[in-house]
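Asker: Chains as they are written, first to last, in this note's numbering: chain A, 47 to 223; chain B, 81 to 897.
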């Protein structure tokens, strides 16, 4: 068996030590070594978007990133979207508006949509289309996904605050990186 | 109603948006091993020798299985038990599994595949149905109607030739529908293990756990009662996970032999080769019409490229001819269908199963007919839509029909009359209609038992558990189950736990295919819930001194309709009933009404009721490049009643999406490698990057209209929605392209190169068309003559008895043109 590499990284705001075979992708490390199976695979070649995660504020396809590249970096997966027991607004709107049918592509879409909203808090429909164009969904026809992303925009009260943004939030919202 | 018809978060939504839904590949068990399959690299050959000795010796390998381990064949249909989990003596397509390695991890298993030596003796390869028709030998299978014909059928309902003679015009057209595949984002995965009692458990991404259960009992020769199949939520199915699969049988065998959990997850390339998708179909439509647009008679001929195995192919063949009469009034009808074997991955059921191909042909031909008769295509269809409560020429019993309203709704919404034939050059709109089953009327294994069963367990807490074999493939079947139960019992959907798709725990439901789940499971759920409600009502009635029929179940209470303050909590009602009757559990079941058809082949097409759809597609076509842009689609669907409207809309929009993929880009096609590379027939692009499917940038705006006239046969009036709305979209695209630039593309996918070729033909004074040039001259068997109901028929074929007494159908001679 191949000797394992050992790294430390932050996954969903938790520092984690993990050892794994050096050829493993971040996708495999998340699913197989950290038991975070919310991140999915559909092709392992960067074609479908099901494995999207956020790596240091940037959305990436975890099937195209080697685990060893992630030492001392921050990873956010679908399991890290909810905070303090509350679903992320995108999770709420995806659930309420039919944006998740079989649910298999959903974690990838949620992560990409979160990255979009973190970058552009008020995207247009075209920006949403563009941002999600690397994620394939075979169930919905995308329309209810667009609507769910848009519905998450118009909820400033529950949108997660960004560290630098002043928000009108009445509720305390945990600042996320 | 408190729940039904109201937009509601589906019961499994939270699990899906938090990544907690456990798909098959998410199951990780202690001591679990991993399996990989060695697949044939040649398209058709005798397997002379499989030497796995080097693989067995490879470090980390626990077991290697070959065809010798799987002597018993299986298949989804009783008439085509033609598959082995691993090839015994023949391989029939590139991708046919030959051996399996079970190892400590996937990588080790993968490495060991290279150490298995297989000697093949190549056989003639059939790439195209015409080749299969031209050569009886070698036979791809030793069964079938003749040579390499798997199934050939000929049925007539009335005198079609006389109907053509009566017509003012007779139209003849040929069409080709290219094959395509389901492309679920989740690759097929399965985990098998022995439970602590030594009984076999399989978790699998399957749409049909009941049939997998049957196949495992047969092939593994184990008692069915000692096999448990659990359908994990499917990460998309679309028909592609409806067959029992090689990998499921293999991991079960390995788990039994090793007494360790064994997992397999197919890679994307393997999913393309598993296929069971849309049959490529060449078809010929001959239609007689009067000047007023009414149809005097219709003849449909289809030639299906079945690929290498039977799969659902016999049913697929009949489905290419079954539903034409369900949509429009057709007084005389002849259907002739032929499915041949080729050395390509087997075709099977994909969303719409066998009906999109002939729907494509019929709806384009109607567009041509409307133009010739100078009738608006919407008006033409309104004149000929089938009537409610009718028995069709081929003995399908129609219930409610909302098609005329669907047509009116989409034409109004799209401003059809102001736009059809009036848009600038390069822009166009096209219309098409369709119908579909709300569940197959007959089970795959014919018997008199229910098609769906639901069992309820009522708890003293007020919680209810609903057990049903139905399979959640994303369509929302768990939500339908919970919604129906909660509505009848007046509780919140979150008070109901759905336990589904588990052959040990749940009563049989035949599976998520043929758009059957909402109607059949829904009716079974309502029956079970009503039986529970009656028990509770009796106990509460006694307690409150209120007549049972005056009790209302709502808002987690059971109360007097006349004095709403007089009542008990639902949980107390359960306790009262339990004290009176003992443990409260009820069952419900659903069996479809008996079909009126009595002829051979009449088992395909009957359904408790049918859904209807109409679509208008707008296209912009660039005459320089042939590029087609679809900015908008209007679609109306006759759903009966939408149980949970956002889910229904999602099914409609998802159908439109998948249909546009089929119409414009998706192709499951193959190429021959050069002879020095074995002449193999390989998939042109078995990857998600190159198998083009629509992305978020390609998706048009979709305007969905739901036509809701509750159908008495459906649960709360509901009909199907998962498949029907796909059907009208492909022909509507083709008709819109014609409206935009005046060329007919009589095949899918409609790609820029075909547009340019048709424009070139038009410029050269040839027919402004791209499509197949003709239909081969097939020697059809003797036609079964079934007089339609209005000619005194009783559903039997008048010449079937003689045919039977003469033995099997004689070997059919086939003469390709």
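Where a beta carbon is used, it is the ideal one built from N, C-alpha and C, also for glycine.
This structure is a prediction, so every number in the text was calculated from the model and none was measured.
Grouping DSSP H, G and I as helix and E and B as strand, with all else coil, what is residue 173(A)?
Answerer: helix
Asker: If you follow the beta strand (DSSP E) that residue 418(B) is part of, which residue opens it and which one closes it?
Answerer: 413-420
Asker: Can you check which of these residues, 681(B), 662(B), 239(B) and 689(B), is closest to residue 672(B) by C-alpha distance?
Answerer: 689(B)
Asker: Would the C-beta of residue 259(B) count as close to the ligand HEM, meaning under 6 angstroms from any of its heavy atoms?
Answerer: Judged by which ligands are present, the structure shown has none, so any question about the ligand HEM falls away.
Asker: With 16 as the cutoff for other CB atoms within 10 Å, does residue 188(A) come out buried or exposed?
Answerer: Under this definition residue 188(A) is a buried residue.
Asker: Are there 16 or more other CB atoms within 10 angstroms of the CB of residue 663(B), so buried, or fewer, so exposed?
Answerer: exposed
Asker: Comparing alpha-carbon positions, which option in 153(B), 155(B) and 183(B) lies nearest residue 135(B)?
Answerer: 183(B)
Asker: Note down the Cα distance separating residue 54(A) from residue 120(A), rounded to an integer number of angstroms.
Answerer: Looking at the two C-alpha atoms, the distance is approximately 10 angstroms.
Asker: Here's the rule I'm using: 16 or more other beta-carbon atoms within 10 Å means buried, otherwise exposed. How should residue 769(B) be labelled?
Answerer: exposed
Asker: By how many angstroms is the C-alpha of residue 508(B) removed from the C-alpha of residue 778(B)?
Answerer: 18 angstroms
Asker: Going residue by residue through the stretch 711-746 of chain B, where are the continuous alpha helix (DSSP H) segments of at least 4 residues, counting only ones entirely within it?
Answerer: Those alpha helix (DSSP H) runs which fall completely within the stretch 711-746 of chain B and span 4+ residues are 725-744.
Asker: For residue 899(B), report the span of its beta strand (DSSP E) as first-last.
Answerer: Look at the range of chain B in this structure, 81 to 897, and you will see that residue 899(B) is not part of it.
Asker: Rounded to a whole number of angstroms, what is the C-alpha to C-alpha distance between residue 273(B) and residue 312(B)?
Answerer: Their backbone Cα atoms lie some 15 angstroms apart in a straight line.
Asker: Please report the distance separating the alpha-carbon of residue 761(B) from that of residue 360(B).
Answerer: Whole-angstrom Cα-Cα distance: 16 angstroms.
Asker: Can you name the residues of chain B whose CB is closer than 9 angstroms to the CB of residue 96(A)?
Answerer: 265, 266 and 315
Asker: Does the Cβ of residue 166(A) have 16 or more other Cβ atoms within 10 Å, making it buried, or fewer, making it exposed?
Answerer: That one is exposed.
Asker: Assess, as a yes-or-no matter, whether the stretch 781-790 of chain B is touched by the stretch 714-722 of chain B under the definition of 3 or more beta carbon pairs within less than 8 angstroms.
Answerer: yes
Asker: Residue 153(A) versus chain B: which residues are under 7 angstroms apart at the beta carbon?
Answerer: Within chain B, the residues near residue 153(A) are 99.
Asker: Using the C-alpha atoms, what's the distance from residue 193(A) back to residue 773(B)?
Answerer: 21 angstroms
Asker: Report, in whole angstroms, the separation of the C-beta atoms of residue 454(B) and residue 425(B), which I expect to be a contact under 8 angstroms.
Answerer: That pair is no contact at about 45 angstroms.
Asker: Can you tell me where the beta strand (DSSP E) with residue 751(B) in it begins and where it stops?
Answerer: 750-752
Asker: Quick check: the Cα distance between residue 560(B) and residue 723(B), rounded to an integer number of angstroms?
Answerer: Their backbone Cα atoms lie some 7 angstroms apart in a straight line.
Asker: Which stretch, first to last residue, makes up the beta strand (DSSP E) that contains residue 379(B)?
Answerer: Residues 375-385.
Asker: In its own chain, which residues sit with a C-beta less than 8 angstroms from the C-beta of residue 505(B), not counting the 5 before and 5 after it?
Answerer: 703, 820 and 821
Asker: Is residue 87(A) near residue 73(A), with beta carbons less than 7 angstroms apart?
Answerer: yes
Asker: Less than 7 angstroms between CB atoms is the rule here; does residue 173(A) satisfy it with respect to chain B?
Answerer: no
Asker: Using only alpha-carbon positions, find the residue among 65(A), 149(A), 183(A) and 177(A) that is nearest to residue 92(B).
Answerer: Proximity to residue 92(B) across 65(A), 149(A), 183(A) and 177(A) peaks at 149(A), based on C-alpha coordinates.
Asker: Name, please, each residue of chain B whose Cβ falls closer than 7 angstroms to the Cβ of residue 117(A).
Answerer: None at all; the shortest Cβ gap to chain B is about 22 angstroms.
Asker: Check whether the Cβ atoms of residue 178(A) and residue 169(A) sit closer than 7 angstroms, and answer yes or no.
Answerer: no
Asker: Residue 791(B) and residue 470(B): beta carbons closer than 7 angstroms?
Answerer: No, Cβ-Cβ distance for residue 791(B) and residue 470(B) is not below 7 angstroms.
Asker: Quick one: list the residues of chain A neighbouring residue 318(B), beta-carbon separation under 9 angstroms, in chain order.
Answerer: 184 and 185
Asker: Could you give the distance in angstroms between the alpha-carbon of residue 670(B) and the alpha-carbon of residue 173(A)?
Answerer: Just so you know, the alpha carbons of residue 670(B) and residue 173(A) end up roughly 48 angstroms apart.
Asker: Excluding the 5 residues preceding and the 5 following residue 463(B) in the sequence, name in chain order all residues of the same chain whose CB lies nearer than 6 angstroms to its CB.
Answerer: Beyond the five residues adjoining it in sequence on each side, residue 463(B) comes within less than 6 angstroms, by CB distance, of 373 in the same chain, given in chain order.
Asker: Would you say residue 726(B) reaches chain A, if we count a Cβ-Cβ gap shorter than 7 angstroms as a contact?
Answerer: yes
Asker: Along the chain, where does the alpha helix (DSSP H) that runs through residue 202(B) open and close?
Answerer: Per DSSP, residue 202(B) belongs to no alpha helix (DSSP H); it is in the beta strand (DSSP E), 197-202.
Asker: Buried or exposed, going by whether 16 or more other CB atoms sit within 10 Å of the CB of residue 734(B)?
Answerer: buried
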